[in-house]
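Enquirer: I'd like to ask you about the structure that follows.
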Amino acid sequence: MSRIAFLTMDSLDDFVSYDALVADCLQARGVKVDNVSWRSRTVKWDDFEMVIIRSPWDYQQAADEFMKVLEAIDASTAVLWNPIDVVRWNVRKTYLQELHDRGITIVPTQFVQSPTELQIRGMFEVFESDQIVIKPAVGANADDTYWLRPESSPSEIQQIELLYSGRLALLQPFIPSVIEYGETSLVFFDGEYSHSVLKTPRAGDFRVQEEHGSRIQPIEPDPDLIEFSRRALAPIPQRILYGRVDLVELPNGQPAVMELELIEPSLYLSSDADSAARFADAIQRFRA
Ligand SMILES: Nc1ncnc2c1ncn2[C@@H]1O[C@H](COP(=O)(O)OP(=O)(O)O)[C@@H](O)[C@H]1O
Ligand SMILES: [Mg+2]
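Last residue of the sequence shown: 296 in the numbering used here, with the numbers rising by one and none dropped.
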């Protein structure tokens with residue numbers, strides 16, 4: 009029986025993962041799937057034909073170490089998906105600048121290394137907005153992400169200055185549709201559109217992750233949004249097994265890329281009855 013590894017973390021206790029659905033599909037087709045923590049010291053990557061990055065959702069705490077693990081997988085006989093170059097490109101949100109330069113609308117973003125309290129406060133003027141967001145260039149799960157207003161206390165902003173010392177920060181205007189409507193995630197397998205969900209934060213929060221209590225519902229997006237997402241993925245030269253495009257609506261009504269999730273996105277396989285089979289089909293094609 010051929011073996012595929014799903015790269016995960018030591019414990020998924022506090023997380024919601026749907027990958028068992030695709031693992032079951034593959035097992036039914038005679039492909040054995042092992043869940044392997046990226047922190048495993050005993051695994052032999054050569055034992056697998058393919059390693060699919062699925063749920064290593066603590067990697068941002070040790071991004072360099074995680075990249076070393078991916079390099080080891082890449083150097084083994086196992087094939088890594090998505091490819092390591094795609095991961096390297098996607099791990100830093102500076103790729104958003106590249107999308108912007110190619111004419112793809114993104115959430116307006118300023119990149120600031122080690123932002124000071126003054127620079128952070130200056131963003132209210134830069135974006136002509138009374139609400140801003142600061143988040144790390146390397147991050148996931150809304151870690152270290154803050155929603156600030158002019159009345160945010162000096163001590164809060166000073167703490168953020170400390171937290172971001174030596175780090176690259178993204179500063180953006182707060183996009184109200186995130187709380188009024190939500191963020192739309194469009195999932196693609198092997199370049200083909202599969203399905204979408206709308207993620208709406210719980211009252212009082214602005215983070216759309218399920219782990220922060222948001223509501224996830226399947227939606228049928230407008231064909232324009234699917235086309236826009238295709239264009240957002242087009243700059244990636246490599247063939248990719250999976251990709252998720254997270255979109256929000258700007259105050260002017262235009263869709264904008266919040267992020268491209270090409271490393272370890274949740275794929276919301278429970279939201280569309282056929283999506284696990286479509287993912288399994290794509291994996292089968294990549295094995296050939
Ligand atoms: N500019 C923004 N306006 C409103 N909400 C935001 C903004 N930036 C981030 N958020 C909220 O924080 C979450 C995390 O930000 P995101 O850029 O998706 O990073 P990651 O998912 O990698 O942590 C988003 O899904 C959204 O809920
Ligand atoms: Mg996100």
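Heads up, the beta-carbon is just placed ideally off N, CA and C, and yes, glycines get one too.
For clarity, every value in this text was computed on a predicted model and none was experimentally measured.
(1) Consult DSSP for Asn43 and reduce its assignment to one of helix, strand or coil.
(2) Excluding the 5 residues preceding and the 5 following Phe197 in the sequence, name in chain order all residues of the same chain whose CB lies nearer than 6 Å to its CB.
(3) In the DSSP output, what is Pro263 paired with across the bridge?
(4) Cβ of Gly212 versus every heavy atom of ligand 1: is any distance shorter than 7 Å?
(5) Any heavy atom of ligand 2 closer than 7 Å to the CB of Asp254?
(6) In this structure, does DSSP put Gln35 in helix, strand or coil?
(7) Tell me which residues share the same chain as Asn98 and place their Cβ nearer than 7 Å to its Cβ, disregarding the 5 neighbours each side in the sequence.
(8) Is it the case that the CB of Glu267 approaches a heavy atom of ligand 2 more closely than 7 Å?
(9) If you count every other CB in all the chains shown that lies within 10 Å of the CB of Phe24, and 16 or more means buried, which is it?
(10) Looking at ligand 1, does it come within less than 7 Å of Ile114, judged from the CB to the closest heavy atom?
(11) Starting from the C-beta of Ile187, find all residues in its chain whose C-beta is less than 7 Å away, skip the five residues before and the five after it, and write them out in chain order.
(12) Roughly how far, in whole angstroms, is the beta-carbon of Glu305 from the beta-carbon of Lys207, given that I think they are within contact range, below 8 Å?
(13) CB of Gln180 to nearest heavy atom of ligand 1: below 7 Å?
(14) Could you please give me the residues that DSSP links to Trp97 through a beta bridge?
(15) So, Ser193 versus Ser204, is the Cβ gap smaller than 8 Å?
(16) Ligand 1 heavy atoms versus the CB of Pro64: any closer than 7 Å?
(17) Indicate whether the contact test is met: 3 or more Cβ pairs, each with one atom in the region 69 to 79 and one in the region 275 to 284, closer than 8 Å.
(18) Count the other CB atoms, across all protein chains shown, that sit within 10 Å of the CB of Asn260; report buried if there are 16 or more and exposed otherwise.
(19) Go through the region 42 to 127 residue by residue and report every complete run of the alpha helix (DSSP H) that reaches 4 residues or more, in order.
(20) Whole-angstrom Cβ separation of Leu178 and Thr117, contact assumed at under 8 Å?
(21) Should Arg223 be listed as close to ligand 1, given that the test is whether its C-beta is under 7 Å from any heavy atom?
(22) Identify the residues that DSSP records as bridge partners of Val195: which are they?
Expert: The short version:
(1) For the purposes of this step, residue 43 is identified with residue 35 of the sequence shown, where counting begins at 1. Looking at Asn43 - three-state DSSP - the assignment turns out to be strand.
(2) Position 189 of the sequence shown, counting from 1, holds the residue named residue 197. The beta carbon of Phe197 is closer than 6 Å to those of Tyr250, Arg286, Phe287 and Ala290 in its chain, skipping five residues each way along the sequence.
(3) Within the sequence shown, numbered from 1, the residue matching residue 263 stands at position 255. Beta-bridge partners of Pro263 (DSSP): Glu257.
(4) On the sequence shown, residue 212 is found 204 positions in, with the first residue counted as 1. For ligand 1, no non-hydrogen atom lies closer than 7 Å to the CB of Gly212.
(5) Within the sequence shown, numbered from 1, the residue matching residue 254 stands at position 246. Answer for Asp254: yes, Cβ within range of ligand 2.
(6) Taking the sequence shown and counting its residues from 1, the one referred to as residue 35 is at position 27. Helix at Gln35.
(7) Within the sequence shown, residue 98 is the residue found at index 90, counting from 1. For Asn98, where only same-chain residues beyond five positions count, the Cβ hits under 7 Å are Leu268, Leu270 and Ile271.
(8) Translated into positions along the sequence shown, residue 267 becomes position 259. Answer for Glu267: yes, Cβ within range of ligand 2.
(9) The residue you call residue 24 lines up with position 16 of the sequence shown. At residue 24 the sequence reads Val, which differs from the Phe that was named. That one is exposed.
(10) Taking the first residue of the sequence shown as 1, we reach residue 114 at position 106. Distance from the C-beta of Ile114 to the nearest heavy atom of ligand 1 is not below 7 Å.
(11) Here residue 187 refers to the residue found at position 179 of the sequence shown. The beta carbon of Ile187 is closer than 7 Å to those of Pro209 and Phe214 in its chain, skipping five residues each way along the sequence.
(12) Past the boundaries of the shown model lies residue 305; the chain is included only from 9 to 296, so the question cannot be answered.
(13) Within the sequence shown, the letter at position 172 stands for residue 180. The answer is yes for Gln180.
(14) Stepping through the sequence shown from its first residue, residue 97 is reached at position 89. Under DSSP, no beta-bridge partner is assigned to Trp97.
(15) Walking along the sequence shown from the start, residue 193 turns up at place 185. Walking along the sequence shown from the start, residue 204 turns up at place 196. Contact flag set, yes.
(16) Sequence index remark: in the sequence shown, residue 64 carries index 56 (1-based). Distances from the CB of Pro64 to the heavy atoms of ligand 1 are all 7 Å or more.
(17) Result no; under three Cβ-Cβ pairs closer than 8 Å.
(18) In the sequence shown, the residue the question calls residue 260 occupies position 252. Around the C-beta of Asn260, fewer than 16 other C-beta atoms lie within 10 Å, and the residue is accordingly described as exposed.
(19) Correct list: 71 to 83, 92 to 98 and 103 to 109.
(20) In the sequence shown, the residue the question calls residue 178 occupies position 170. In the sequence shown, the residue the question calls residue 117 occupies position 109. Sure, about 5 Å apart at Cβ, within 8 Å.
(21) As a working mapping, residue 223 is identified with position 215 in the sequence shown. Arg223: no, Cβ never under 7 Å from ligand 1.
(22) By 1-based counting over the sequence shown, the position of residue 195 is 187. Beta-bridge pairing links Val195 to His203 and Arg252.
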